[in-house]
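First comes the structure, then the notes that go with it.
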Amino acid sequence: GAVVSQHPSWVICKSGTSVKIECRSLDFQATTMFWYRQFPKQSLMLMATSNEGSKATYEQGVEKDKFLINHASLTLSTLTVTSAHPEDSSFYICSASQGGGYTFGSGTRLTVV
Amino acid sequence: GENVEQHPSTLSVQEGDSAVIKCTYSDSASNYFPWYKQELGKRPQLIIDIRSNVGEKKDQRIAVTLNKTAKHFSLHITETQPEDSAVYFCAASIRLASGGSYIPTFGRGTSLIVHP
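Just so you know, the protein sequences line up as chains V and R, in that order.
The numbers in the numbering used here rise by one with no breaks, and the one at position 83 of the first sequence is 259.
The numbers in the numbering used here rise by one with no breaks, and the one at position 93 of the second sequence is 1401.
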């Protein structure tokens, strides 16, 4: 079945620095990937839709200059959290669609100190 | 846009009992309804899905029903076991175009606790 790999699984960074999270589709091509943020005991909140070769589509309220998304190839999308602050600490998870269903990456636990 | 409501937020049952989780959606154009199970700190895993041309689907102890007219769908777990304890999410999505990707909207999740 479809496999989505996400790295890193966890990261701790200092306030003001940037962090890059990678999402790869390992055995299929994903023209569209989705990036979510999940707070403890809450649902998945869609942040943006990443489109291969074009700009990402951001959900209302998500700062595109803070959460930079690049989808340079059919198998790789990256999310960069720029100038991270403690309130950016969260669980970030990507997913990719294949054949109608979606497969999730393993998620990245970001802690900003 | 699409709005998905999920109830209950918490469900506590005894081992062997059945569990039912219900979701409603607002956009009649939605045509794909997956259910995910998420264990603590892990990725959501697809457990069952249903498309709008089907009213019911069953896979062993898990079944999903869809009522397009009422715009609601439900997850049924029979003979629950402690390992079924997790957070369950429903989702509704619309296919963008023939062969295109879906944009999913998730429910808020149901924390299922199965007591041994």
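Every residue, glycine too, gets a C-beta built ideally from N, C-alpha and C.
Practice task
Apply the 10 Å Cβ neighbour rule to V:T279 and answer buried if 16 or more other Cβ atoms are within range, or exposed otherwise.
Solution key: On the first sequence, position 103 is the one that residue 279 of chain V refers to. V:T279 should be labelled buried.
Practice task
Write down the C-beta distance between V:V180 and V:G281 rounded to the nearest angstrom, noting that I regard them as a contact closer than 8 Å.
Solution key: Numbered from 1 along the first sequence, position 4 holds the residue referred to as residue 180 of chain V. Numbered from 1 along the first sequence, position 105 holds the residue referred to as residue 281 of chain V. Cβ atoms of V:V180 and V:G281 come within 8 Å of each other, at about 5 Å.
Exercise for the section: Say whether chain V places a C-beta atom closer than 8 Å to the C-beta of R:L1354. Expected result: The residue labelled residue 1354 of chain R in the question sits at position 46 within the second sequence. Under the Cβ criterion of 8 Å, R:L1354 is counted among the residues facing chain V.
Practice task
Take R:S1338 as the anchor and find which of R:Y1396, R:V1362, R:S1401 and R:V1372 has the nearest alpha-carbon.
Solution key: What you label residue 1338 of chain R is simply residue 30 of the second sequence in a count that begins at 1. Among R:Y1396, R:V1362, R:S1401 and R:V1372, the Cα nearest to that of R:S1338 is on R:S1401.
Problem - Residue of R:Y1340, R:Q1346 and R:D1325 minimising C-alpha distance to R:E1364 - result: Walking along the second sequence from the start, residue 1364 of chain R turns up at place 56. Answer by Cα proximity: R:Y1340.
Handout entry: Selection of the stretch 254-268 of chain V by Cβ proximity to chain R, strictly under 7 Å
Key = Residues passing the 7 Å Cβ filter: none.
Problem - Pairwise C-alpha distance: V:C189 and R:V1372 - result: Within the second sequence, residue 1372 of chain R is the residue found at index 64, counting from 1. Within the first sequence, residue 189 of chain V is the residue found at index 13, counting from 1. Answer to the nearest angstrom: the Cα atoms are 42 Å apart.
Practice task
With a threshold of 16 other CB atoms inside 10 Å of the CB of V:G237, please say whether the residue is buried or exposed.
Solution key: Along the first sequence, read from residue 1 onward, the residue named residue 237 of chain V stands at position 61. Counting Cβ neighbours within 10 Å, V:G237 comes out exposed, since fewer than 16 surround it.
Practice task
May I ask you to report which of helix, strand or coil DSSP gives V:D264?
Solution key: Indexing the first sequence from 1 puts residue 264 of chain V at position 88. Note: V:D264 maps to helix in three-state DSSP.
Problem - Listed by chain order, chain V residues near R:P1316 by CB distance under 8 Å - result: Residue mapping note: residue 1316 of chain R aligns to position 8 of the second sequence, counting from 1. Going along chain V, no residue has its Cβ under 8 Å from R:P1316, so there is no contact; the nearest lies around 14 Å.
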